[in-house]
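Residue numbers (this note's numbering): 215 to 375.
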């Protein structure tokens, strides 16, 4: 295992976020919860300070650092999916738990982290380049959650869209 861990800053709910991710995504689990040994600027001794967790096989630490820093779409998790059911399951879990829809397969969880729920059909079409990529891209642009059947129909079209 790599010694590198991704540290994600939360206001006060790193433990709740870690448990949500563990319940939502495969190869995800909460590994340890550490409490503050003393008072700190945004918390008291005994409050949850850090949470070690694994998210889709990636080692992470959630830090309850307070409200100073917030997440932005400049950082996102891209989650590849094989089927519409898998796409829907992840998307719906994030949105229904207080998240927000965005565009082109992006959504944001209730803690402000951005997610790209990206079907492999879209990734493959974009990698093909040329007209195939253009048709897939054009089909994707008005979408919130990606609809695989629509992408596949666009890719299968001949000529101009």
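Beta carbons: idealized from backbone N, C-alpha and C, even for Gly.
Taken in chain order, the complete alpha helix (DSSP H) segments of 4 or more residues contained in the stretch 283-319 are 298-310. Under a 10 Å Cβ-count criterion, residue 237 is classified as exposed, with fewer than 16 other Cβ atoms of the shown protein chains found around its own Cβ.
Pairwise C-beta distances place the stretch 258-267 in contact with the stretch 241-250, as three or more of them are shorter than 8 Å. DSSP places residue 272 inside the beta strand (DSSP E), whose first and last residues are 272-278.
Under the DSSP assignment, residue 351 falls outside any beta strand (DSSP E), being part of the alpha helix (DSSP H) whose first and last residues are 344-354.
Contact check between the stretch 307-315 and the stretch 276-289: fewer than three CB pairs, one atom from each, fall below 8 Å, which does not count as touching. Counting along the chain, the unbroken alpha helix (DSSP H) around residue 238 starts and ends at 228-238.
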